[in-house]
Amino acid sequence: MSTSVPIDDPLSKAPGEWQQWMTDRGYPAFRGRQLFEWLWRHHIRHYDDITVWPKDLRRTMATAMPLNRLELVKAEAAEDGTTKLLLELADRQRVETVILPHDYGHSLCISSQVGCAMGCHFCASGLKGRIRQLSAGEMLDQVAYANRWLKPQGAQVTRIDIMGIGEPLDNYPNVIRFLHLVHDPLAMGLGYRHITVSTSGVVPKIYQLADEGLPVTLAVSLHAPTDALRSQLMPVNRAYPIRKLMDACRYYVERTGRRITFEYLLLRGINDHDELAVKLAELVRGFPSHVNLIPWNPVDEHPFLPSPSAQVRRFQHIVQDAGISCTIRRELGQEIDAACGQLRLREEEPVSP
Ligand code: SF4
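If you use our numbering, the sequence shown closes out at 355, no skipped numbers anywhere.
Below, the structure is given as structure tokens:
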């Protein structure tokens, strides 16, 4: 696994790296695999919890590789079972992760950065800019925490969307490392096809992801079918306009065989006109794709209003009548501020440990 992740982050290490770490220090290699398994299968919080280990190894690890797992600050559950967890990192920064119940199991929407640099005008997460990248281990620990949360129900995370706070492709090496780790059978063993990587449209990284040989689903936040409108809503469009974005999407489909999901947030009177539905269908025609319409969740900090539900359905029918697969995202967890970044903004002040 080749990424630029610092080697001293214990939650970000792969089993092979742990084996090497152990042998370099005179311990048997199998201790490395054992440690990885105890971290992600047994979710230990201290090395002393590894009961099969000799005391001296537990002490060595505690000094050489201090373990800082995510701490729960707050959990909010909606009636439909959607649960938003606000988790604190070692430096007291906070991220959100959201568990969503479905017929097929539970999906988890994880964050990839603290804050976000992309500045989409409708988004709570970008209001204060990007504070820092999350390590692969900090992303993986969100999954581990969600699994721990679901365990009493006899459930676990079966799908992952890297769609929470942050632009995943702006944290590329850590996200790639995370994908390898979460796929590892000694961790969660999750199939790549059960993982969606979302992007606001960082074109060069879409090409790079296409060449990684990882058949993850790519979700592109489109939100407007014309450059003029998209540039108003999403500054990234000025650097990578729609034509370049569509070329990159086509390349992704060719290389991976996976269809692209286009996310489209419907904002009343802004991007929900009938003619924009026609334009949207024209834009995504010609390669395997799916359009996911997202009813807007109002955010205090932004002036947008949700499209009336009749217009949401009308928009969907226009796209579908043009032969494009198009669904409306279920409105999950409305009463718990389900738009990304809202809980974190509301809970700005750190709590005492
Ligand atoms: S919508 Fe996504 S990419 Fe845009 S600012 Fe929010 S978190 Fe960042």
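No residue lacks a Cβ here, since even glycine has one placed at the ideal position from N, Cα and C.
* Asked: What is the residue span of the beta strand (DSSP E) that Thr84 lies within?
  -> Position 82 of the sequence shown, counting from 1, holds the residue named residue 84. No beta strand (DSSP E) contains Thr84, which DSSP labels as neither H nor E.
* For the alpha helix (DSSP H) holding Cys251, just list the boundary residues, first then last. => If you number the sequence shown from 1, residue 251 lands on position 249. For Cys251, the enclosing alpha helix (DSSP H) has its first and last residue at Ile244 to Thr258.
* **Minimum C-alpha distance to Ala80 - residue among Pro68, Ala64 and Ile101** => Working through the sequence shown from its first residue, we reach residue 80 at position 78. The shortest Cα separation from Ala80 among Pro68, Ala64 and Ile101 belongs to Ile101.
* Asked: Taking DSSP as the reference, what is the three-state secondary structure of Asn294?
  -> Residue 294 sits at position 292 when you count from the first residue of the sequence shown. In this structure, Asn294 counts as strand in the three-state DSSP scheme.
* To do: Tell me whether the beta-carbon of Ala66 lies closer than 8 Å to the beta-carbon of His108.
  => As a first step, residue 66 is located in the sequence shown; it is residue number 64 there, counting from the start. As a first step, residue 108 is located in the sequence shown; it is residue number 106 there, counting from the start. Not closer than 8 Å, so no.
* Asked: Quick one: is the Cβ of Cys111 within less than 7 Å of any heavy atom of ligand 1?
  -> Looking up residue 111 in the sequence shown gives position 109. No, ligand 1 has no heavy atom inside 7 Å of this Cβ.
* Quick one: give me the first and last residue of the beta strand (DSSP E) that Asp163 is part of. => The residue labelled residue 163 in the question sits at position 161 within the sequence shown. Asp163 -> beta strand (DSSP E) spans Val159 to Ile164.
* Fully enclosed by the region 76-120, which beta strand (DSSP E) runs are 3 residues long or longer? -> 85-90, 96-104, 107-112 and 115-117
* Note down, one range per segment and in chain order, each alpha helix (DSSP H) of at least 4 residues found wholly within the region 49-78. => 57-66
* What did DSSP end up calling Thr25 once you bin it into helix, strand or coil? -> Residue 25 sits at position 23 when you count from the first residue of the sequence shown. In the structure shown, Thr25 sits in a helix (DSSP, three-state: H, G or I).
* What are the start and end residues of the beta strand (DSSP E) that includes Ser311? -> Here residue 311 corresponds to residue number 309 of the sequence shown, with the count starting at 1. First-last for Ser311: Ser311 to Asp323, but that is the alpha helix (DSSP H), not the beta strand (DSSP E).
* Helix, strand or coil: how does DSSP classify Ile178 here? -> Within the sequence shown, residue 178 is the residue found at index 176, counting from 1. Of the three classes helix, strand and coil, the one that applies to Ile178 here is helix, per DSSP.
* Residues near Pro8 by beta carbon distance below 7 Å, same chain, minus five either side -> Counted from its first residue, the sequence shown places residue 8 at position 6. Confidence at Pro8 is low in this model, with a pLDDT of 47, below 50, so the placement of that residue is unreliable and no value is reported for it.
* Asked: Is Ser202 near ligand 1, with its Cβ less than 7 Å from a heavy atom?
  -> Counting from 1 along the sequence shown, the entry for residue 202 is found at position 200. Result yes, Cβ under 7 Å from ligand 1.
* Near Ser137, which residues of its chain fall below 6 Å by C-beta distance, leaving aside the five closest residues on each side in sequence? -> Counting from 1 along the sequence shown, the entry for residue 137 is found at position 135. Asp11, Ser14 and Asn176, listed in sequence order.
* Counting pairs of beta carbons, one from the region 151-169 and one from the region 178-198, are three or more of them closer than 8 Å? -> yes
* To do: Leaving aside the five residues before and after Leu224 along the sequence, list all residues of the same chain whose C-beta is less than 6 Å from its C-beta, in chain order.
  => Taking the sequence shown and counting its residues from 1, one reaches residue 224 at position 222. These residues qualify, in order along the chain: Phe264 and Tyr266.
* Asked: In whole angstroms, what is the alpha-carbon distance linking Leu345 and Trp23?
  -> In the sequence shown, residue 345 corresponds to position 343, counting from 1. In the sequence shown, residue 23 corresponds to position 21, counting from 1. Because the pLDDT of Leu345 is 49, which lies under 50, any placement of that residue in the model is unreliable, and the question is left without a value.
* Give the straight-line distance between the Cα atoms of Leu129 and Val116, rounded to the nearest whole angstrom. => By 1-based counting over the sequence shown, the position of residue 129 is 127. By 1-based counting over the sequence shown, the position of residue 116 is 114. One C-alpha to the other measures close to 11 Å.
* Give a yes or no on whether the C-beta atoms belonging to Asp249 and Phe317 are separated by under 8 Å. => The sequence position of residue 249 within the sequence shown is 247, counting from 1. The sequence position of residue 317 within the sequence shown is 315, counting from 1. Result no, Cβ atoms of Asp249 and Phe317 do not sit closer than 8 Å.
* Tyr106 versus His44, His196 and Leu183, residue with shortest Cα-Cα distance -> Along the sequence shown, one-based indexing puts residue 106 at 104. Taking only the C-alpha atoms, the option nearest Tyr106 is His196.
* **Backbone secondary structure at Glu169 - three-state DSSP** => Your numbering for residue 169 matches position 167 in the sequence shown. Residue state, collapsed to three classes: coil.
* For Phe180 versus Met236, is the C-beta distance shorter than 8 Å? -> Position 178 of the sequence shown holds residue 180. Position 234 of the sequence shown holds residue 236. Result no, Cβ atoms of Phe180 and Met236 do not sit closer than 8 Å.
* Run the proximity test for Ser127: is its beta-carbon closer than 7 Å to any non-hydrogen atom belonging to ligand 1? => Stepping through the sequence shown from its first residue, residue 127 is reached at position 125. Checking every heavy atom of ligand 1 against the Cβ of Ser127, one is found closer than 7 Å.
* Inter-stretch contact at 8 Å, needing at least 3 Cβ pairs: the region 313-330 / the region 269-284 -> yes
* To do: Evaluate contact between the region 26-33 and the region 84-93, counting only Cβ atoms and requiring at least three cross-stretch pairs below 8 Å.
  => Counting C-beta pairs closer than 8 Å gives fewer than three between the region 26-33 and the region 84-93, which falls short of the contact rule.
* Asked: CB of Cys122 to nearest heavy atom of ligand 1: below 7 Å?
  -> Counting from 1 along the sequence shown, the entry for residue 122 is found at position 120. Checking every heavy atom of ligand 1 against the Cβ of Cys122, one is found closer than 7 Å.
* Asked: Taking the Cβ atom as the reference point for each residue, do Asp143 and Arg71 lie within a distance shorter than 8 Å?
  -> The sequence position of residue 143 within the sequence shown is 141, counting from 1. The sequence position of residue 71 within the sequence shown is 69, counting from 1. Cβ atoms of Asp143 and Arg71: closer than 8 Å.
* To do: Consider the C-beta atom of Ser223 and the heavy atoms of ligand 1; say whether any pair is separated by less than 7 Å.
  => As a first step, residue 223 is located in the sequence shown; it is residue number 221 there, counting from the start. It does: the Cβ of Ser223 is within 7 Å (strictly closer) of some heavy atom of ligand 1.
* Near ligand 1: Gly131 beta-carbon under 7 Å from a heavy atom -> Residue 131 sits at position 129 when you count from the first residue of the sequence shown. No.
* Could you give the distance in angstroms between the alpha-carbon of Glu39 and the alpha-carbon of Leu188? -> Residue mapping note: residue 39 aligns to position 37 of the sequence shown, counting from 1. Residue mapping note: residue 188 aligns to position 186 of the sequence shown, counting from 1. Straight-line Cα distance between these residues: approximately 5 Å.
* Asked: Any heavy atom of ligand 1 within a distance shorter than 7 Å of the CB on Ile208?
  -> For this step, residue 208 is matched to residue 206 along the sequence shown. Every heavy atom of ligand 1 is 7 Å or more from the Cβ of Ile208, so no.
* Give the straight-line distance between the Cα atoms of Ala324 and Arg270, rounded to the nearest whole angstrom. => Position 322 of the sequence shown, counted from the start, is the residue given in the question as residue 324. Position 268 of the sequence shown, counted from the start, is the residue given in the question as residue 270. Taking the straight line joining both Cα atoms gives about 22 Å.
* **Cβ distance (whole Å) where His45 is taken to contact Arg150 below 8 Å** => Locating residue 45 in the sequence shown gives position 43, counting from the first residue. Locating residue 150 in the sequence shown gives position 148, counting from the first residue. Yes, His45 and Arg150 are in contact; Cβ-Cβ is about 6 Å, under 8 Å.
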